[in-house]
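Chains as they are written, first to last, in the working numbering: chain U, -12 to 244; chain D, 552 to 616. Built from N, CA and C at the ideal position, the CB exists for glycine as well. Predicted model only: the values in this text are computed from it and were never measured. Single-structure report; data block below.
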């Protein structure tokens, strides 16, 4: 596959499939899946160190931060204060200035609290973070986040872990039309075709965790999505035909008997 | 000295934060540390003197989406 780089704040991204590291059986599987996915960006969460078991393995023993771009998240944060706290701790670890900013507004849907998200984005962008806010599929909010200093916007396709796919492709399309920053679909992808749809719409990348980790064969699914993302991107660049209601014959009328 | 580390009460003879992390067997390059809600930079771990009832949080990266 040929290179198709994109750049955010001076950082070159080689892969348009970004992958989450949650919910795998063990770190060995995590490492194999990431390898199969071809992703160069992996998301991680910030949590307490296990101080009772000193020999417990560390995720970063399996994912080399020199080989992959580590994108810490603020998953589990339900207010601005917590999201800022987790972001600053993530940066202090010294591995990344990037933050996948989540300010969650509702436990059942894990939909973002976009008012809090906007505030946190503004503050963190001013502090020099490269902010990737996880937002809903609202074009107005996407623009507001961009204006607040977001390095990219990450609209959901559907609720996190739901596998419902891209529920509102028209809104994603409108976000793409208005955005001056990259658009990365985050959450909702259930299988390879969903990722292809996101890319065909013109998204710059997709971030996927559960669709891979929850598949019967996560390694095969990672590979399937890698191809789907590539196919979708290529189809977007190729330019699809417009949809219309009636038929147009593919074979000539001329020369018929 | 009585302190609280990652939600658990603990007694320590460590004087500085750096000593505490050594006592806990934690590799400092992999973690971020907060004392009483304030982040203590790695370069300040050796200077930071622990006090009675300090609340310390030590975090690292785990799998997440």
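CB contact below 9 Å: residue i versus chain U
i, result
"residue 592 of chain D", "yes"
"residue 560 of chain D", "no"
"residue 601 of chain D", "no"
"residue 556 of chain D", "yes"
"residue 499 of chain D", "The question about residue 499 of chain D has no answer here: the residues shown for chain D are numbered 552 through 616."
"residue 610 of chain D", "yes"
"residue 584 of chain D", "yes"
"residue 617 of chain D", "Shown here, chain D extends from 552 to 616; a query on residue 617 of chain D therefore has no answer."
"residue 588 of chain D", "yes"
"residue 605 of chain D", "no"
"residue 597 of chain D", "no"
"residue 575 of chain D", "yes"
Beta-carbon proximity list for residue i, same chain, < 7 Å, skipping 5 on both sides
i, result
"residue 180 of chain U", "215"
"residue 123 of chain U", "98, 99, 101, 142, 143"
"residue 603 of chain D", "552, 553"
"residue 43 of chain U", "37"
"residue 64 of chain U", "70, 73, 89, 90, 91"
"residue 167 of chain U", "133"
"residue 120 of chain U", "88, 104, 108, 132, 137, 140, 141"
"residue 84 of chain U", "78, 115, 116, 117"
Residue span of the beta strand (DSSP E) that contains residue i, given as start and end
i, result
"residue 553 of chain D", "553 to 556"
"residue 589 of chain D", "589 to 591"
"residue 58 of chain U", "56 to 59"
"residue 30 of chain U", "28 to 35"
"residue 194 of chain U", "192 to 195"
"residue 7 of chain U", "4 to 7"
"residue 118 of chain U", "117 to 122"
"residue 610 of chain D", "606 to 614"
"residue 561 of chain D", "559 to 562"
"residue 521 of chain D", "Any property of residue 521 of chain D remains undetermined from this structure, which presents chain D solely from 552 to 616."
"residue 601 of chain D", "Segment: none, residue 601 of chain D is in no beta strand (DSSP E) and carries neither H nor E."
"residue 14 of chain U", "Per DSSP, residue 14 of chain U belongs to no beta strand (DSSP E); it is in the alpha helix (DSSP H), 14 to 24."
Supposed contact pair residue j and residue i - C-beta distance, whole angstroms, cut 8 Å
i, j, result
"residue 27 of chain U", "residue 56 of chain U", "6 Å"
"residue 4 of chain U", "residue 192 of chain U", "7 Å"
"residue 118 of chain U", "residue 92 of chain U", "Not a contact, Cβ separation roughly 18 Å."
"residue 189 of chain U", "residue 163 of chain U", "5 Å"
"residue 62 of chain U", "residue 88 of chain U", "In fact, because the Cβ distance is near 10 Å, the residues do not count as touching under 8 Å."
"residue 618 of chain D", "residue 24 of chain U", "For residue 618 of chain D there is no data in the structure shown, the boundaries of chain D being 552 and 616."
"residue 177 of chain U", "residue 151 of chain U", "6 Å"
"residue 185 of chain U", "residue 219 of chain U", "7 Å"
"residue 596 of chain D", "residue 572 of chain D", "7 Å"
"residue 140 of chain U", "residue 133 of chain U", "6 Å"
"residue 9 of chain U", "residue 616 of chain D", "5 Å"
"residue 610 of chain D", "residue 33 of chain U", "5 Å"
"residue 31 of chain U", "residue 614 of chain D", "7 Å"
"residue 161 of chain U", "residue 153 of chain U", "Contact flag wrong, Cβ pair sits at about 13 Å."
"residue 29 of chain U", "residue 6 of chain U", "6 Å"
"residue 593 of chain D", "residue 579 of chain D", "6 Å"
"residue 41 of chain U", "residue 557 of chain D", "Rounded, the Cβ-Cβ distance is 13 Å, inconsistent with contact."
Cβ neighbours of residue i in the same chain (closer than 8 Å, five flanking residues each side left out)
i, result
"residue 146 of chain U", "96, 97, 98, 174, 175"
"residue 555 of chain D", "561, 604, 605, 606, 607"
"residue 591 of chain D", "568, 584, 585, 599"
"residue 67 of chain U", "90, 103, 106, 107, 110"
Test: residue i CB closer than 9 Å to a CB of chain D
i, result
"residue 123 of chain U", "no"
"residue 55 of chain U", "no"
"residue 183 of chain U", "no"
"residue 119 of chain U", "no"
"residue 246 of chain U", "In the structure as shown, chain U starts at -12 and stops at 244, and residue 246 of chain U therefore has no counterpart that could be examined."
"residue 147 of chain U", "yes"
"residue 82 of chain U", "yes"
"residue 250 of chain U", "The requested residue 250 of chain U is not part of the displayed model; chain U covers only -12 to 244."
"residue 70 of chain U", "no"
"residue 206 of chain U", "no"
"residue 164 of chain U", "no"
"residue 79 of chain U", "yes"
"residue 155 of chain U", "no"
"residue 19 of chain U", "no"
"residue 115 of chain U", "no"
"residue 46 of chain U", "yes"
Element boundaries [alpha helix (DSSP H), containing residue i]
i, result
"residue 69 of chain U", "67 to 79"
"residue 158 of chain U", "156 to 165"
"residue -10 of chain U", "Unbroken run through residue -10 of chain U: none, as it is neither H nor E."
"residue 203 of chain U", "Careful: residue 203 of chain U lies outside any alpha helix (DSSP H) and carries neither H nor E."
"residue 127 of chain U", "126 to 134"
"residue 185 of chain U", "179 to 188"
"residue 104 of chain U", "101 to 113"
Residues of its chain near residue i, where Cβ-Cβ distance is below 6 Å and the 5 sequence neighbours each way are ignored
i, result
"residue 11 of chain U", "17, 200"
"residue 247 of chain U", "With chain U running from -12 to 244 in the structure shown, residue 247 of chain U is simply not present."
Quiz item: With contact counted as at least three CB pairs below 8 Å, one residue from each stretch, are the segment 63 to 76 of chain U and the segment 579 to 594 of chain D in contact?
Solution: yes
Quiz item: Do three or more CB pairs link the segment 195 to 211 of chain U to the segment 225 to 242 of chain U at distances below 8 Å?
Solution: no
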